[in-house]
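Written out below as structure tokens is the structure these notes cover.
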Amino acid sequence: MYKHHEDALNAITVIKRVDADEVRVIDLADIHYGALACLKTKLINLVQRILAIPNLFVIIGGDSTESANTVSRSSLYDEACHGSDQILQLREILKPLADAKRILFVRSGNHGMKRAKATNGIPPEQMLAALLDVPFFRGGGIVILNARKNQYIIATWHTGKAPARFAWLQTNVNFFEHKHDVGQRTVLFATPNRLTKQWLVRPTINVQTSSFLGWAGYAMDEGYAPLPNHVPVAVFSGRKEDWDVYVLDDIRLLERSLGMP
1 MYKHHEDALN AITVIKRVDA DEVRVIDLAD IHYGALACLK TKLINLVQRI
51 LAIPNLFVII GGDSTESANT VSRSSLYDEA CHGSDQILQL REILKPLADA
101 KRILFVRSGN HGMKRAKATN GIPPEQMLAA LLDVPFFRGG GIVILNARKN
151 QYIIATWHTG KAPARFAWLQ TNVNFFEHKH DVGQRTVLFA TPNRLTKQWL
201 VRPTINVQTS SFLGWAGYAM DEGYAPLPNH VPVAVFSGRK EDWDVYVLDD
251 IRLLERSLGM P
């Protein structure tokens with residue numbers, strides 16, 4: 001009866017299987033590459049840090065490029081490079097992640113599909129995904145993560161709207177982008193286990209992701225406070241009879257837990 005809804009979900013879903021005690025996922029969103037305020041050096045450094053951590057996978061979230069134009073709130077005069085150069089240069093930065101099979105997918109944001117495609121006819125995130133040879137999703141994106149025999153559902157959305165609207169999916173982690181802020185909140189849901197005839201209570205962790213923008217442009221001009229540039233990391237257990245998920249506020253906490261400098 002609802003196959004059309006199932007088909008729509010399947011079209012924005014990737015399945016990832018990892019044989020490891022622990023699997024990590026980050027949503028690298030709101031890079032805004034090409035903006036003068038983009039923290040390019042921090043981004044390049046982060047790519048190397050990700051590659052140094054085993055079983056850490058990446059979603060390239062919305063607004064990966066700035067894509068300013070004459071009708072956007074952000075200004076053409078606040079860009080370090082324009083148009084296709086933003087896509088090509090970002091591709092070179094992210095290519096090591098794609099080569100290492102660390103990128104799960106690329107998805108759209110308001111600066112790309114809603115702005116650049118509508119006004120300039122260029123869908124930057126879709127082009128970036130094609131150049132990296134990874135899946136592209138418009139709107140939401142979902143990962144079914146199998147860490148050995150433990151299964152987790154991860155979703156990401158480029159929206160500042162309330163997480164409650166996505167509760168029907170019963171995911172374990174939702175990454176919300178666009179607001180350039182950080183934070184997390186856990187809610188619980190219960191489902192019956194038909195095999196054991198008992199209830200299972202699982203968490204949904206709603207994670208607000210940050211950006212790679214410094215304090216400049218209209219944010220500075222209009223008096224918005226600077227926001228932290230943290231990179232939250234969702235951690236999933238692959239250990240037998242140890243289904244567990246939690247979110248670290250920043251990748252530095254993961255590095256410290258692994259004894260990395």
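Each residue of the sequence shown is one higher than the one before, starting from 1 at the first, in full-length UniProt numbering. Glycine residues also receive a C-beta, built at the ideal position from the N, C-alpha and C atoms.
Residue j beta carbon less than 7 Å from that of residue i
{"i": "Thr-196", "j": "Asp-27", "result": "no"}
{"i": "Ser-211", "j": "His-180", "result": "yes"}
{"i": "Thr-204", "j": "Val-187", "result": "yes"}
{"i": "Pro-124", "j": "Ile-87", "result": "yes"}
{"i": "residue 262", "j": "Arg-24", "result": "Here the chain covers residues 1 to 261 and nothing more, so residue 262 does not appear."}
Which listed residue (the options) has its alpha carbon closest to that of residue i
{"i": "Asp-244", "options": "Asp-250, Phe-236, Ile-251", "result": "Phe-236"}
{"i": "Thr-171", "options": "Asn-206, Gly-62, Ser-84", "result": "Asn-206"}
{"i": "Ala-234", "options": "Glu-222, Leu-248, Pro-226, Asp-221", "result": "Leu-248"}
{"i": "Asn-150", "options": "Gln-86, Ile-15, His-178", "result": "Ile-15"}
{"i": "Asp-78", "options": "Leu-213, Pro-163, Leu-227, Ser-257", "result": "Leu-213"}
{"i": "Ile-142", "options": "Asn-10, Arg-185, Gln-126", "result": "Asn-10"}
{"i": "Ile-122", "options": "Leu-131, Arg-165, Gly-112", "result": "Gly-112"}
Alpha carbon of residue i to alpha carbon of residue j, nearest angstrom
{"i": "Gly-217", "j": "Leu-36", "result": "8 Å"}
{"i": "Ser-108", "j": "Trp-157", "result": "9 Å"}
{"i": "Ser-67", "j": "Leu-90", "result": "13 Å"}
{"i": "Lys-161", "j": "Leu-104", "result": "24 Å"}
{"i": "Leu-169", "j": "Gly-140", "result": "12 Å"}
{"i": "Ile-31", "j": "His-178", "result": "10 Å"}
{"i": "Gly-223", "j": "Met-1", "result": "52 Å"}
{"i": "Ile-251", "j": "Asp-85", "result": "29 Å"}
{"i": "Asp-19", "j": "Gly-238", "result": "7 Å"}
{"i": "Ala-98", "j": "Asn-110", "result": "23 Å"}
{"i": "Ile-60", "j": "Arg-115", "result": "18 Å"}
{"i": "Asp-221", "j": "Leu-253", "result": "33 Å"}
{"i": "Phe-136", "j": "Leu-128", "result": "9 Å"}
{"i": "Leu-200", "j": "His-5", "result": "25 Å"}
Expected contact under 8 Å - CB spacing of residue i and residue j to nearest Å
{"i": "Arg-17", "j": "Asn-193", "result": "Between Asn-193 and Arg-17 the Cβ distance is about 22 Å, and since that is not below 8 Å, they are no contact."}
{"i": "Gly-62", "j": "Ala-29", "result": "6 Å"}
Worksheet item: Counting only runs that start and end within the segment 6-31, where is the beta strand (DSSP E) found for 3 or more residues in a row?
Response: Segments of the beta strand (DSSP E) lying fully in the segment 6-31: 13-18, 22-28.
Item to complete: Return the chain-ordered ranges of every beta strand (DSSP E) run that is complete within the segment 169-196 and spans a minimum of 3 residues.
Response: Here the runs fully enclosed are 173-176, 183-193.
Worksheet item: Enumerated in chain order, which unbroken segments of the alpha helix (DSSP H) with a length of 4 residues or greater are wholly contained in the segment 201-245?
Response: Listed in chain order, the complete alpha helix (DSSP H) runs (minimum 4 residues) inside the segment 201-245 are 217-221.
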